[in-house]
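Student:
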Amino acid sequence: MLLAEAIKQLPDRAQEMVRLKFFEDLTQAQIAERCDLPLGTVKSDLRRSLVRLRLHLEGYQDV
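Numbering (our numbering), first residue to last: 12 to 74.
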């Protein structure tokens, strides 16, 4: 699975945040609480992670 491979390329903390956000459907505030991180850190890490995923998946399109 292409997306799973792209997620594995992220740092461990970023992988966890992506999993919590998109697979467990937690809010950013819930992720911050669960990971014991400031909300701003969660927001910026998720943003960076999504940019990395988009770059990794660039060039692929739905068949």
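Quick reminder that beta carbons are idealized off the backbone N, C-alpha and C, glycines included.
(1) With a 10 Å radius around its C-beta and 16 neighbouring C-beta atoms as the bar for buried, classify Val74 as buried or exposed.
(2) At least one CB of chain C closer than 8 Å to the CB of Thr38: is that the case?
(3) Which same chain residues end up closer than 6 Å to Leu64 when comparing Cβ atoms and leaving out the 5 residues on each side of it in sequence?
(4) According to the neighbour-count rule (16 or more other Cβ atoms, all chains shown, within 10 Å of its Cβ), is Lys13 buried or exposed?
Tutor: According to the structure shown:
(1) Here residue 74 is taken as the residue at index 63 of the sequence shown, counted from 1. With a pLDDT of only 45 at Val74, under the threshold of 50, the placement of this residue in the model should not be trusted, and no figure is reported.
(2) This model lacks chain C altogether, as it is built from one protein chain only.
(3) Here residue 64 is taken as the residue at index 53 of the sequence shown, counted from 1. Same-chain partners within the cutoff: Ala17.
(4) On the sequence shown, residue 13 is found 2 positions in, with the first residue counted as 1. Here residue 13 turns out to be Leu, not Lys, going by the sequence shown. With fewer than 16 Cβ atoms within 10 Å of its Cβ, Leu13 is classed as exposed.
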